[in-house]
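Chains as they are written, first to last, in my numbering: chain P, 146 to 776; chain L, 69 to 569.
Written out below as structure tokens is the structure these notes cover.
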Amino acid sequence: MPDQETSSLPTLLLLLPLLTALVILLGNKVLKGASVALSVFSAAVCFIISFILLGTQDSSPILLPFLEVGKFRIAIDALIDQQSRGMMFIVTSIGLLVHLFSLGYMKEDEARVRFFGSLSLFMFSMTGIVLAGNLVMMFIFWELVGLSSYLLIGHWFEKPSAAEASKKAFLTNRIGDFGFMIGILMLFMANHGDVSFLGLKSSFAEGPLHEIAKSNTTFMMLAALGIFMGAVGKSAQFPLHVWLPDAMEGPTPVSALIHAATMVAAGVFMLVRCSFVIEASLSAATIIAWIGGLTALMAALMATQQNDIKRVLAYSTLSQLGYMVMAVGLLAIQVSGEHHEAGPGHPAMFHLYTHAFFKAMLFLGSGAIIYACHHEQDIWKMGGLMKHMPVTFATFAIGTAALMGVPGLSGFFSKEAILGLAFEVKNPSGSPLFWVGVGTAMLTAFYMTRMFVVTFFGKPRTENAHHAVEAPIIMIFPLAVLALLTLISPIGPVARLLQAMEPKHAENHPTVMIASIAALIVGVGAGIFLYRGKDKDPLNIKLFANKFYFDEIYAVIVQVCQDGLAWFVTGLERLFVDGLVARLPAFIATRLGSAARVLTGGQLQSYTFLLGAGVLIVIYLVIFVLPHLGH
Amino acid sequence: MSLLEIIILLPLIAALAIWLGAPARTTSVGVSVLNLIMVLGLLFQFKSASVGKSGFAFESARTVLENPSISFGVGADGVALIMALLTVLVAFAAVWQISDDKPGIYHIASQLIAGGALGAFLCTDVFFIYAFHELALIPTFLMIALHGHGDAENCRSVAWKTTIYLGAGSLVLLAGLAWVVLEFSGGGQLTFDLNALRAQAATSPLPADKQAQIFLVLLIGFGTLVSLFPFHSWAAPAYATAPTPVAMLHSGVLKKFGLYGLLRIAMPLLPQAIHVAWLQEALLFMLLGNVLVIGLVTINQKRLDDVLANSSVMHMGYIFLGLAAGTEIALRGAVMLMFAHGISIALLFALAGRLRSQIGTLELNKLGGLGAHAPAFTILFAFGAFASIGLPGLANFAGEVMIFVGSFTNFGSAQFTSLQWTVVLALWGVVMSAVYMLRAYRHIFHGTASAGLFMTDSSLSQRFPLVLLAAALLIVGCCPWLLLGLIKSDLVAGISAAAAH
């Protein structure tokens with residue numbers, strides 16, 4: 146039986162946003178403006194609940210029934226532990242701030258009721274992912290965040306680019322979910338139908354999965370990579386990273402909440418939840434670490450040549466997600482390959498937390514800038530905004546510094562934790578990935594400096610930038626809160642609130658410290674040197690600007706493999722199946738048809754004749770032929 | 069007269085009454101509502117109803133013929149009731165949306181199909197099961213020929229193709245059923261009573277290989293009716309051509325008869341057949357044809373009705389997968405998906421029908437921007453489209469996930485058999501479904517409308533039955549236990565238990 150004490154709060158947390166979304170869907174004609182208020186109110190209540198949850202004990206209550214057949218049973222259950230409590234706090238706090246920000250940003254949008262409805266749907270789905278106590282439930286909400294992301298990216302669906310971007314996001318994620326489902330099914334089979342996280346964990350410690358991990362390494366590797374494929378889609382890792390930059394077609398608050406802070410990080414969250422699966426296969430862990438490292442480096446290179454302020458941030462998100470995924474892989478290598486005890490906390494989760502705050506702030510900041518510049522997004526058409534938008538400037542500066550990893554700010558600590566981990570890993574992958582991490586850090590410092598200098602300094606390059614004014618208080622307030630959180634999150638009460646996900650390191654490596662500070666100095670220095678006082682980009686690297694031509698390559702693949710194959714198969718089907726299997730009946734049909742026409746002289750009559758004859762034959766067979774066969 | 073008999077006969081009487089001159093719409097809608105209420109009533113009663121040894125509740129029988137023994141026997145278990153619920157829901161929506169300018173034959177045909185389907189689902193005598201299904205087929209052919217979309221030449225040829233295919237399928241089926249009756253009529257007298265046949269099959273089962281042979285004949289017969297690859301090529305043109313209520317009722321309800329027949333007749337009588345390797349592999353191969361080949365064919369379609377018609381053929385592959393797996397979870401998933409698919413495809417065909425009558429074209433390239441003009445229409449379509457691509461929270465997902473999970477039940481194993489490999493390939497079909505559905509959705513609702521090619525929402529009363537269908541998808545999708553739990557006993561448990569011996 147579900148324990149009332151522990152299940153009522155999470156149930157409310159899960160159902161409140163769902164009810165809100167349903168009420169808005171059904172009652173938007175009656176409610177009008179009230180539905181916006183309802184959505185914000187529900188986000189606020191969710192925040193309060195998750196705040197209360199921070200102080201509760203670990204538990205795994207069943208919230209709602211879902212499926213039950215014989216012994217097989219899948220419920221909507223929750224796993225409340227340090228990881229989910231912390232993530233829940235991130236999701237609801239940033240969620241609430243983004244709701245508030247949107248009140249200002251979407252004020253003049255005609256479809257803002259639909260916007261807030263979708264936002265509530267997102268809060269529901271994301272809550273489900275964070276609470277999920279088993280893999281099937283996680284998959285359910287996994288797909289549902291995909292839906293809300295689809296709806297929000299395509300909010301301005303009249304715009305062809307937004308419509309295409311939303312479709313691309315959903316389909317790319319579907320490819321990831323294909324692998325995710327296979328991984329879940331493999332674990333389901335191997336673990337006798339139990340896919341709860343607690344059940345899987347104990348089975349990996351000593352149980353059927355422990356045995357299989359030793360006896361059938363291929364199976365384990367494929368299962369781990371299947372699960373990982375889900376994260377590759379959701380967290381936009383190479384080679385499925387292409388949807389995230391396009392997702393910037395959505396309204397900017399959505400980019401902040403979904404495509405920077407929470408949903409895209411769900412892949413990392415899920416991998417950490419399933420870390421026991423990855424730890425069971427050294428080869429899978431190695432692949433994951435390298436995919437993460439590759440994504441981090443590649444996305445950082447692309448970010449250096451983007452001109453759209455949101456796209457720079459989007460590639461930066463890709464790059465940081467790659468960092469987290471790399472950390473997941475590295476820790477698994479360390480645990481499985483070197484029998485290293487995994488300490489409390491996880492560097493990937495720690496970076497996820499810190500990144501969520503400063504990246505949400507950067508996106509909301511860019512939203513304030515875009516709002517002030519009348520929906521201009523090209524950084525080369527901005528400039529000199531420091532004077533016009535001082536608060537945005539200040540918060541943006543804090544966010545940029547945190548993202549670069551300036552010592553003392555949250556991003557510095559979490560980046561150090563990952564680099565330190567890479568440094569410690571004795572596996573041959575450790576050292577090259579450490580340098581990939583340092584290189585990415587340098588590139589991050591470079592492209593953020595570039596964006597910051599071009600946007601805020603120099604002279605306004607267009608009329609829009611010249612007339613920019615500071616955003617209204619409803620938009621400034623969330624920025625200020627996030628800036629505060631970024632400043633104090635590693636040390637102050639917030640860290641204690643999140644029960645300090647920071648992994649405890651035995652020692653600080655001087656090499657790591659020196660390398661990362663050197664990377665910071667080189668990156669910032671090069672950025673200032675190249676971009677100070679410039680009106681157009683002195684660098685022109687086509688390969689980076691065009692994102693290594695992934696979109697073009699994929700377009701060809703889709704055209705050849707999918708559309709071409711579809712065309713080919715359709716032709717084949719017409720020729721053979723329809724031709725051979727249908728030609729004969731068609732031949733009979735014409736013969737019978739003409740015979741029937743001769744007999745009765747009309748189409749309608751010939752149908753009825755044929756069918757009548759059929760019924761007669763059946764009756765004849767049943768009554769006269771069958772009895773004799775029986776004897 | 070028992071309630072089940074009334075439920076079966078009421079639509080047939082309504083059809084007769086309309087033919088004799090009763091007001092078409094009033095009679096038709098009235099009867100549909102009445103039937104909906106009665107079936108819902110039965111569902112609630114079913115919990116406390118006494119279930120016979122056969123697993124049926126509400127049983128009654130009237131002897132028609134002594135030798136061979138044929139009786140008009142009716143009875144319902146969980147699966148039959150779910151199918152009956154599907155029938156009355158879709159029938160209600162289908163007759164409600166027939167506009168007043170259509171001739172009475174639309175209502176007559178719809179009621180005949182509904183009555184025939186209900187008879188086929190609720191009878192317990194093989195003869196009547198078969199006869200009711202044939203009865204329901206006739207109006208399908210006629211309506212395609214007389215009132216189909218497109219030019220008369222096309223309608224005629226499509227109607228012919230459908231007739232020939234389904235006629236041939238029915239003949240193979242007849243042969244298979246005759247074989248079954250001959251094998252399982254114990255005591256020297258032929259019987260068509262399903263319960264008697266099942267008792268005989270339980271006491272003296274056939275060798276597994278012989279079971280598989282008979283099963284194959286039934287599979288081809290029933291399979292043709294369900295558009296199992298490669299016997300499918302009648303289905304897509306038939307649905308694209310058929311008038312909207314017929315397309316809704318046939319693709320949503322009547323097509324499920326083939327699957328229902330396999331579950332009701334073939335699998336209980338021949339429980340080991342599906343676990344015979346060659347038969348299982350043959351079925352897996354054919355259903356992959358449905359999922360992968362037709363999935364690709366669907367991607368290549370340029371008109372909404374062709375997309376929907378082909379997708380409906382494709383999704384049959386997943387239900388067959390549930391049958392091929394043969395475990396209790398997978399079989400229940402198959403039943404769930406039969407219900408879910410029926411509702412979702414009927415919803416989509418109804419909306420496509422409205423689009424055709426309002427705008428005059430279903431060519432995807434010409435459509436666009438409806439999302440801004442007709443929000444309620446858009447939301448309803450989204451329900452159908454996302455249900456059919458298996459979005460969690462809508463009913464189809466619950467069925468699909470049960471089928472997938474039920475195919476992975478060789479517990480403790482770390483080896484894949486052909487069944488698991490099939491699931492892996494079939495899962496790729498889920499990606500393809502998303503490709504063609506979202507492509508269609510983007511073409512119809514996103515972007516901007518071309519001049520003159522837009523429509524506005526219909527009135528609330530007009531879309532009421534469609535809202536009902538969407539609500540059914542949502543409720544069953546969020547609470548699949550509701551549908552599973554309503555049923556305390558059904559044939560599925562029997563099949564998987566019998567196979568285990």
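Each residue gets a CB set at the ideal place from its N, CA and C atoms; glycine is no exception.
Treat the numbers as computed from the prediction; the structure is a model and nothing was measured.
Mapping the DSSP letters down to three states, classify residue i as helix, strand or coil.
| i | result |
| --- | --- |
| L:I457 | coil |
| P:T753 | Below a pLDDT of 50, predicted positions are generally treated as unreliable, and P:T753, at 48, falls in that range; the measurement from the model is reported next regardless. In this structure, P:T753 counts as helix in the three-state DSSP scheme. |
| L:S137 | strand |
| L:T131 | strand |
| L:S122 | coil |
| L:A264 | helix |
| P:A651 | Any reading at P:A651 needs caution, since the residue's pLDDT is 46, under 50, leaving its predicted position unreliable; the model's value is listed next. The answer is coil: DSSP assigns P:A651 none of H, G, I, E or B. |
| L:R371 | strand |
| L:C223 | helix |
| P:E483 | helix |
| L:S70 | coil |
| L:T259 | strand |
| L:A310 | coil |
With a threshold of 8 Å between beta carbons, is residue i in contact with chain B?
| i | result |
| --- | --- |
| L:N478 | You won't find chain B in this structure, because its protein chains are P and L. |
Buried or exposed, going by whether 16 or more other CB atoms sit within 10 Å of the CB of residue i?
| i | result |
| --- | --- |
| L:T271 | exposed |
| L:L88 | exposed |
| L:W489 | exposed |
| P:F508 | buried |
| P:M366 | buried |
| P:L744 | With a pLDDT of only 43 at P:L744, under 50, the local geometry of the prediction cannot be trusted, and no value is derived from it. |
| P:R677 | exposed |
| L:P298 | buried |
| P:W388 | buried |
| P:R719 | exposed |
| L:L108 | exposed |
So the alpha helix (DSSP H) residue i belongs to, where does it begin and stop?
| i | result |
| --- | --- |
| P:R418 | A411 to R418 |
| P:V214 | Per DSSP, P:V214 belongs to no alpha helix (DSSP H); it is in the beta strand (DSSP E), I207 to V214. |
| P:R218 | Taken as a continuous stretch (DSSP letters only), P:R218 belongs to no alpha helix (DSSP H), being part of the beta strand (DSSP E) at F217 to D222. |
| P:H244 | Q227 to Y250 |
| P:K504 | P492 to A517 |
| L:A350 | A345 to L356 |
| P:K379 | T362 to K379 |
For residue i versus residue j, is the C-beta spacing smaller than 8 Å?
| i | j | result |
| --- | --- | --- |
| P:M408 | P:V290 | yes |
| L:R537 | L:L111 | Per the sequence presented here, residue 537 of chain L reads as Leu, with Arg not at that position. Not closer than 8 Å, so no. |
| L:I342 | L:G394 | yes |
| L:M523 | L:L438 | yes |
| L:S527 | L:S456 | no |
| P:F502 | P:L665 | no |
| P:G278 | P:G328 | no |
| L:S475 | L:V499 | no |
| L:V158 | L:L72 | no |
| L:T208 | L:H318 | yes |
| L:F454 | P:L170 | no |
| L:V194 | L:H175 | no |
| P:A369 | P:L497 | no |
| L:L234 | L:L293 | yes |
| P:I403 | P:L297 | yes |
Could you spell out where the beta strand (DSSP E) holding residue i opens and where it closes?
| i | result |
| --- | --- |
| L:A442 | No beta strand (DSSP E) holds L:A442; DSSP gives it neither H nor E. |
Counting only runs that start and end within the region 512-559 of chain L, where is the alpha helix (DSSP H) found for 4 or more residues in a row?
528-546 and 548-553
Return the chain-ordered ranges of every alpha helix (DSSP H) run that is complete within the region 530-582 of chain P and spans a minimum of 4 residues.
530-533, 535-549 and 555-569
Contained alpha helix (DSSP H) runs [length at least 4] in the region 273-300 of chain P, N- to C-terminal order
280-298
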